[in-house]
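Colleague: Residue numbers (numbering that gives the first Met the number 0): 0 to 170.
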Amino acid sequence: MGARTIPSLDEAHRLNPHELRSGESSSLLWLTRKLQQAPDSTVGQPSLSLSFDLRSRSRIKACLSDGRDVGIVLPRGTVVRGGEWLAGPGLTVQVLAADEDLIDVRSNTPLKLLRAAYHLGNRHIPVQVSEDFLRLGWDSVLADMLIGLDLNIERLSASFEPEAGAYAHGV
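#1: Are the stretch 39-46 and the stretch 75-93 in contact at 8 Å, needing three or more beta carbon pairs?
#2: Is the separation between the beta-carbon of Arg154 and that of Ile71 shorter than 8 Å?
#3: Taking all protein chains shown into account, decide if Leu85 is buried (16 or more other Cβ within 10 angstroms of its Cβ) or exposed.
#4: Are the CB atoms of Leu95 and Ala115 nearer to each other than 8 Å?
#5: Quick one: what's got a C-beta closer than 7 Å to Gly1's C-beta in the same chain, skipping five residues either side?
#6: Straight-line CA distance for Phe51 to Leu30?
#7: Name the DSSP beta bridge partners of Leu30, please?
#8: So, Gly76 versus Glu160, is the Cβ gap smaller than 8 Å?
#9: Which residue spans inside the stretch 75-135 form an unbroken beta strand (DSSP E) run of at least 3?
#10: Ser48 by DSSP, collapsed to three states: which one?
This is how it looks when you write it as structure tokens:
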């Protein structure tokens with residue numbers, strides 16, 4: 000089959016998976032699988048810096064560190080964590096967690112952090128959980144709620160790796 004251009008990633012799901020894996024279907028570079036470990040040689044490999052929202056999508060178009068455009072088509076529900084590797088025909092790329100606008104939540108008592116986690120969980124808010132802090136995407140309403148719960152908050156720019164959730168397997 001000759002090369003053809005895919006006008007949008009929405010059309011990518013209609014292609015034969017073999018065409019995507021072999022790169023026969025398009026001049027666009029494709030990343031179609033997540034590697035279980037880093038490749039043997041990573042010298043000169045491009046990287047891809049993405050927000051958590053973009054790392055949670057199964058189909059996106061992005062720009063590599065070397066300026067080339069790439070299409071990412073992964074199984075639905077796949078979440079790519081910062082530091083993981085994606086591969087496609089003749090291409091291996093490390094995905095980096097981009098800095099995002101976040102709320103850093105801290106308290107001098109663990110109970111207050113637990114209460115905050117409870118309230119955020121009730122709202123289905125993605126939360127990064129640590130021993131001494133919680134992090135979530137910036138939202139002024141949630142910031143006010145957390146201040147009302149007598150927590151210390153700080154707006155910061157950092158990478159975001161929220162919990163996968165109770166029903167996520169191997170994420």
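Glycine included, each C-beta is placed from N, C-alpha and C at the ideal position.
Modeller: This is what the structure holds:
#1: yes
#2: Sequence index remark: in the sequence shown, residue 154 carries index 155 (1-based). Sequence index remark: in the sequence shown, residue 71 carries index 72 (1-based). Contact: no.
#3: In the sequence shown, the residue the question calls residue 85 occupies position 86. Result: buried.
#4: Start at 1 with the first residue of the sequence shown, and residue 95 comes out as number 96. Start at 1 with the first residue of the sequence shown, and residue 115 comes out as number 116. Contact: no.
#5: Residue 1 sits at position 2 when you count from the first residue of the sequence shown. In this predicted model, Gly1 has a pLDDT of only 31, less than 50, meaning its place in the structure is not dependable enough to derive any value.
#6: If you number the sequence shown from 1, residue 51 lands on position 52. If you number the sequence shown from 1, residue 30 lands on position 31. When rounded, the distance between both Cα atoms is 17 Å.
#7: As a first step, residue 30 must be located in the sequence shown, where it is residue number 31. The partner list for Leu30 (beta bridge, DSSP) reads Ile71.
#8: Translated into positions along the sequence shown, residue 76 becomes position 77. Translated into positions along the sequence shown, residue 160 becomes position 161. It is not a contact, given that the beta carbons lie outside the stated cut-off.
#9: 84-87, 90-96, 98-105
#10: Your numbering for residue 48 matches position 49 in the sequence shown. Reduced to three states, the DSSP call for Ser48 is strand.
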